[in-house]
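>
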Amino acid sequence: MTKQPLDGLFESLMAAPQIFKERDTLRHTYIPDELPHREEEIERLGNILFPVLSGSTPSNLFLYGKTGTGKTAVTKYVLNFLLDKIKEISNKSDYALATSFMNCQMVNTNYRVVAYLCDAVGEKVPFTGLPTDEVYSRFKSTLDSEKKLMIIVLDEVDILVKKSGDETLYNLTRINTDLDNSKVCLIGISNDLKFKEYLDPRVLSSLSEEEIVFPPYTAIELIDILKQRAELGFQPNILEEGVINLCAALAAQEHGDARKSLDLLRVAGEIAARKKAEEVTEEHVRIAAISIERDTVAEALRTLPLHPKLILYSVYLLEKHRGSENSITGDVFNVYSELCSVINIDPLTQRRIGDFINELDMLGLINAKNISLGRYGRTKRIKLSIPKKQIQDNLEGDERIGRLSGHVPESF
DNA sequence: TGTCCACTGGAAGGGAGGGCTT
DNA sequence: AAGCCCTCCCTTCCAGTGGACA
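Residues in the first sequence are numbered consecutively from -10, following the working numbering.
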């Protein structure tokens, strides 16, 4: 058999110095045996959920805190602990503990939440077709068919409520009154502190019987977290002095985000491994910071549907041909409509384009600010938030947008 | 000070595509 | 097969608005 080019690649990678011991422990999704600087939160959550061990229903609770402050990790940590404990005493207790953890970024409609819960209790339902009420009552009756205590965790619950309202949440907070054998405990997790304002007061009072606020990590705390993970994930003495401090400092600039600091450390390690370096250096961390940023943007651009891509490309063309002058919604819509006719598709309405402009703003790809031009109306001032080169490189790769490359809109 | 522009953004609803029940 | 119900994506309608201008 002839030698494949990949054989050589793998051989040289194997021969290179080993950087990682256990790479996955450096992912933020990995739950270590200890969570440094979250002892207090673990203890509080443990205290609140402790009644499950004696078969009582704990209070519903709400966890608040910014991204990367350990809400999800602490919750999973405590739930895992409880599940282990329950296993130990299972012969002594006459009920089962079930948990369902869902991220409302994915499970973001009322129907999907209930369907997900059905799945968790072993009730198979189609992803569409049934009335939500029907799916909900199937969930209830399956859950109630045996003695069970179910802890339902709704991570990023604010997304669900903003998108689909709080009807499901309302039903779930009242479900215990309809159950004879089983009980449900709800845990809501949110990084939007203003989220409470959207909630019906009845849901709010029932859901936040207990609340835990997760403060951001300080740079010093991040260093401890990174040291712990580095010990698990990297070969000994592979990190140059200062690497961990730099990762912590960069992440601390953004509200003490442990997730980000771990990503930085892991990607820095991957870069060092690729370069076959003897150790991971501060330079690798800096490259990692740029590469993470670039990859996030490239990924966002690549996965955009066609119409938002065209809108973004219109903003790009406006900036390219009219210099740094800011565009307004009307300009963008005109160029967008023209591009649609060039590639022979029907343009969407200006109303819909307005929504897409807001979405692109939220993704951080453009900056759209409401302004008033006096008697010339109220509109949005729109600027690109990322370099033009990045738009060009990533969008013109799309065959349909590529056809527009070099096109100068007639409106100029 | 009132007018008026060019929108914004909420609300309601249409319809396509999918699937269930009877 | 008919009648429902779901989500998703979109349109239509329209009241509301900030501030330059007459």
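We put the CB at the ideal spot given by N, CA and C, even for glycine.
Go ahead and label Met(-10) buried or exposed: buried means 16 or more other beta carbons lie within 10 angstroms of its beta carbon, across all protein chains shown.
For this step, residue -10 is matched to residue 1 along the first sequence. Residue confidence is low: Met(-10) scores 49 on pLDDT, short of 50, so the model does not pin down where it sits. Its coordinate-derived value is still stated next. With fewer than 16 other Cβ atoms within 10 Å, it is exposed.
> How do the region 386 to 394 and the region 337 to 346 stand: do at least 3 beta-carbon pairs fall below 8 angstroms, yes or no?
no
> How far does the beta strand (DSSP E) with Ser45 in it reach, from first residue to last?
The residue you call residue 45 lines up with position 56 of the first sequence. Where Ser45 is concerned, there is no enclosing beta strand (DSSP E), given that its DSSP letter is neither H nor E.
> Could you have a look at Asp155 and say whether DSSP puts it in helix, strand or coil?
Within the first sequence, residue 155 is the residue found at index 166, counting from 1. It is coil, neither helix nor strand.
> Where does the unbroken alpha helix (DSSP H) through Glu30 begin, and where does it stop?
Indexing the first sequence from 1 puts residue 30 at position 41. Looking at the DSSP string, the run of the alpha helix (DSSP H) that includes Glu30 is 28 to 38.
> Could you name the residues of the same chain whose beta carbon sits closer than 8 angstroms to that of Phe(-1), not counting the 5 residues immediately before and after it, in chain order?
Position 10 of the first sequence, counted from the first residue, corresponds to residue -1. Correct list: empty, nothing qualifies.
> Pull the bridge partners of Phe90 from the DSSP assignment, please.
The count along the first sequence starts at 1 and reaches residue 90 at position 101. Its beta-bridge partners are Val142.
> Under a three-way DSSP split, which group does Glu11 fall into?
Here residue 11 corresponds to residue number 22 of the first sequence, with the count starting at 1. The answer is coil: DSSP assigns Glu11 none of H, G, I, E or B.
> By Cβ distance, which residues of its chain are closer than 6 angstroms to Ala262, with the 5 residues on each side in sequence left out?
Translated into positions along the first sequence, residue 262 becomes position 273. If we look at Ala262 and ignore the five residues flanking it on each side, its Cβ neighbours are Ile8.
> Three or more C-beta pairs closer than 8 angstroms, one from the region 51 to 62 and one from the region 21 to 32: is that the case here?
yes
> Given a threshold of 16 other Cβ atoms within 10 Å of its Cβ, counted over all protein chains shown, does Lys249 qualify as buried or as exposed?
Taking the first sequence and counting its residues from 1, the one referred to as residue 249 is at position 260. Burial check for Lys249: the Cβ neighbour count within 10 Å reaches 16 or more, so the residue is buried.
> Check this for me: beta carbons of Leu188 and Asp213, under 9 angstroms apart or not?
For this step, residue 188 is matched to residue 199 along the first sequence. For this step, residue 213 is matched to residue 224 along the first sequence. No, the Cβ-Cβ distance between Leu188 and Asp213 is not below 9 angstroms.
> Measuring only the C-alpha atoms, how far is Ile355 from Gln339?
One-based indexing of the first sequence puts residue 355 at position 366. One-based indexing of the first sequence puts residue 339 at position 350. Distance between the alpha carbons of Ile355 and Gln339: 17 angstroms.
> Could you give the first and the last residue of the continuous alpha helix (DSSP H) run that contains Ile334?
Reading the first sequence from its first residue, position 345 is the one you call residue 334. Where Ile334 is concerned, there is no enclosing alpha helix (DSSP H), given that its DSSP letter is neither H nor E.
> Could you tell me the boundaries of the alpha helix (DSSP H) in which Phe128 lies?
Locating residue 128 in the first sequence gives position 139, counting from the first residue. Unbroken alpha helix (DSSP H) run through Phe128: 121 to 133.
> Who does Gly177 pair with in a DSSP beta bridge?
Translated into positions along the first sequence, residue 177 becomes position 188. Per DSSP, Phe51, Leu143.
> For the alpha helix (DSSP H) holding Phe70, just list the boundary residues, first then last.
If you number the first sequence from 1, residue 70 lands on position 81. Run containing Phe70: 60 to 77, per the alpha helix (DSSP H) assignment.
> Taking contact to mean at least 3 C-beta pairs separated by less than 8 angstroms, is the region 296 to 310 in contact with the region 318 to 329?
With the cut-off at 8 angstroms, the region 296 to 310 and the region 318 to 329 touch.
> Rounding to the nearest angstrom, what Cα-Cα distance links Ile201 and Lys65 in this structure?
Looking up residue 201 in the first sequence gives position 212. Looking up residue 65 in the first sequence gives position 76. Using only the alpha carbons, I get a separation of about 15 angstroms.
> Entirely within the region 244 to 277 and at least 4 residues each: give me those alpha helix (DSSP H) ranges in chain order.
247 to 263
> Do Thr46 and Val173 count as a contact pair if the criterion is CB distance below 9 angstroms?
As a first step, residue 173 must be located in the first sequence, where it is residue number 184. As a first step, residue 46 must be located in the first sequence, where it is residue number 57. Yes; because the gap between Cβ atoms is below 9 angstroms, this pair is in contact.
> Could you tell me whether the Cβ atoms of Glu145 and Leu50 are closer together than 9 angstroms?
Here residue 145 refers to the residue found at position 156 of the first sequence. Here residue 50 refers to the residue found at position 61 of the first sequence. Not in contact: Glu145 and Leu50 (Cβ atoms no closer than 9 angstroms).
> To test your reading of the DSSP string, which unbroken alpha helix (DSSP H) runs of 4 or more residues are found completely within the region 318 to 378?
318 to 331, 339 to 351
> To the nearest angstrom, how far is the alpha carbon of Ile360 from that of Ser153?
Taking the first sequence and counting its residues from 1, one reaches residue 360 at position 371. Taking the first sequence and counting its residues from 1, one reaches residue 153 at position 164. One C-alpha to the other measures close to 29 angstroms.
> Should the region 113 to 122 be called in touch with the region 131 to 142, which here means at least 3 C-beta pairs below 8 angstroms?
no
> Among residues of its own chain, excluding the 5 on either side of Asp382, which ones have a beta-carbon nearer than 6 angstroms to its beta-carbon?
If you number the first sequence from 1, residue 382 lands on position 393. Cβ within range, chain order: n/a, list empty.
> Under three-state DSSP, which class holds Leu293?
Counted from its first residue, the first sequence places residue 293 at position 304. The answer is coil: DSSP assigns Leu293 none of H, G, I, E or B.
> Out of Ile209, Ile164, Ile281, state which residue places its alpha-carbon closest to the alpha-carbon of Val192.
Counted from its first residue, the first sequence places residue 192 at position 203. Among Ile209, Ile164, Ile281, the Cα nearest to that of Val192 is on Ile164.
> Compute the beta-carbon to beta-carbon distance between Ile31 and Asn69, rounded to the nearest angstrom, for a pair I have assumed lies under 8 angstroms.
By one-based count along the first sequence, residue 31 stands at place 42. By one-based count along the first sequence, residue 69 stands at place 80. Actually they are not in contact, since the Cβ atoms of Ile31 and Asn69 sit about 11 angstroms apart, beyond 8 angstroms.
> For Leu228, does the three-state DSSP call read helix, strand or coil?
Taking the first sequence and counting its residues from 1, the one referred to as residue 228 is at position 239. In the three-state scheme derived from DSSP, where H, G and I count as helix and E and B as strand, Leu228 is classed as strand.
> Going straight from the alpha carbon of Gly111 to that of Thr131, what length do you get?
In the first sequence, residue 111 corresponds to position 122, counting from 1. In the first sequence, residue 131 corresponds to position 142, counting from 1. Approximately 8 angstroms between the Cα atoms of the pair.
> To the nearest angstrom, how far is the alpha carbon of Glu399 from that of Gly386?
Here residue 399 is taken as the residue at index 410 of the first sequence, counted from 1. Here residue 386 is taken as the residue at index 397 of the first sequence, counted from 1. The alpha-carbon atoms of Glu399 and Gly386 are separated by roughly 23 angstroms.
> Can you look up Ile402 in the DSSP assignment and give me helix, strand or coil?
The chain is shown from -10 up to 401; residue 402 falls before or after that span and cannot be answered.
> Helix, strand or coil for Met(-10), going by three-state DSSP, please let me know.
Numbered from its first residue, the first sequence carries residue -10 at position 1. Low local confidence applies: a pLDDT of 49 at Met(-10) is under 50, so the model's placement there is unreliable, and no value is given.
> In angstroms, rounded to a whole number, what distance separates the CA positions of Ser171 and Asp133?
Residue 171 sits at position 182 when you count from the first residue of the first sequence. Residue 133 sits at position 144 when you count from the first residue of the first sequence. Straight-line Cα distance between these residues: approximately 5 angstroms.
> Could you say if the region 265 to 272 and the region 281 to 301 meet the contact criterion of at least three C-beta pairs nearer than 8 angstroms?
no
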